[in-house]
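> If you scroll down you'll find the structure; I have some questions about it.
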Amino acid sequence: MVYTVSKNDNLWDIAAKQSVYGDPFLWPLLLKTNVKHIHNADMIPPGLTLMIDPQPSPQDREAARQHAKHRGDTARQTKDASYLHRYGLR
């Protein structure tokens, strides 16, 4: 499954769509699947085609939720998605 990013889209809103995951806290799954094309999780360009993992494992779903809930606690500037290692998403 794929999703094409529109103007003003963000990973939170995309993950919340019923056609994607129906849960905004699963946005790290989008980053995990598309890490080669997303260099900043907060800025995704319109026109980018995202691959959607249609059946993420329960472990990946829980790790994504934990990361999303605690990201603000440990947010830092990065040029890549290396912080995903903490939750086993990469």
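At position 16 of the sequence shown the residue is numbered -4 (my numbering), and the sequence of numbers has no breaks.
Glycine residues also receive a C-beta, built at the ideal position from the N, C-alpha and C atoms.
None of the values given here were measured: they were computed from a predicted structure.
#1: Using a 10 Å radius around the Cβ and a threshold of 16 neighbouring Cβ atoms, would you call Val0 buried or exposed?
#2: Tell me the rounded alpha-carbon separation between Ala21 and Ser(-14).
#3: Taking C-alpha atoms, which residue in Tyr(-17), His50 and Leu(-9) lies nearest to Lys19?
#4: Please determine, among Pro4, Asp(-7) and Ile24, the residue with the shortest C-alpha to C-alpha distance to Glu42.
#5: Pull up the DSSP beta-bridge partners for Leu30, would you.
#6: To the nearest angstrom, how far is it from the Cα of Thr29 to the Cα of Leu10?
#7: Since I believe Ile32 is in contact with Thr13 (beta carbons under 8 Å), could you give me their beta-carbon distance rounded to a whole number of angstroms?
So, from the data block:
#1: When all chains shown are included, Val0 counts as buried.
#2: Ala21 and Ser(-14): Cα-Cα distance of roughly 15 Å.
#3: As written in the sequence, residue 19 is His, which differs from the Lys given in the question. Looking only at Tyr(-17), His50 and Leu(-9), the smallest Cα-Cα distance to His19 is reached by Leu(-9).
#4: Closest by alpha carbon: Pro4.
#5: Leu30 is bridged by DSSP to Tyr(-17).
#6: For Thr29 and Leu10, the distance between alpha carbons rounds to 11 Å.
#7: Beta-carbon to beta-carbon, Thr13 and Ile32 are separated by about 7 Å, close enough to satisfy the 8 Å threshold.
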